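Trainee:
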Amino acid sequence: MSRSNPQQRIDEIIGEAALALLQQAGPVTLRALVAQLQTMHKLAEDSARRNDVMLALREVRMSIKSVSQEFPEEMGEIEGKSSHAFLETHSLANSRKH
């Protein structure tokens, strides 16, 4: 499975954000992931990194929107669960799990 270079950077940034949440020992929720990506965007030192973080943030938000459209009655419940439980319960529309 080959990925384009931009897609690989996006995946790595999402992974960095998730790892940061785990290291903080706080909840790993979709809301926390978005907040972490927003923080990373503010702290980015160059425009290329800032752009990549923005693309990662956009991808996470699109995944959330896709799931909320597919399972609207469950979205409130899902947000309270950890991302791990969320990903076990529902596959994202594009089958990528972040």
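The opening residue of the sequence shown carries number 1 in full-length UniProt numbering; numbering runs sequentially from there. We put the beta carbon where it would ideally sit given N, CA and C, even for glycine. A quick note: this is a predicted structure, and the numbers were derived from the prediction, not measured.
If you count every other CB in all the chains shown that lies within 10 Å of the CB of residue 59, and 16 or more means buried, which is it?
Mentor: buried
Trainee: Under a Cβ-count criterion, where at least 16 other Cβ atoms within 10 Å of its own Cβ denotes burial, should residue 32 be classed as buried or exposed?
Mentor: buried
Trainee: Give the C-beta separation of residue 57 and residue 38 to the nearest angstrom, bearing in mind that I take them to be a contact with Cβ-Cβ under 8 Å.
Mentor: 7 Å
Trainee: Here's the rule I'm using: 16 or more other beta-carbon atoms within 10 Å means buried, otherwise exposed. How should residue 17 be labelled?
Mentor: buried
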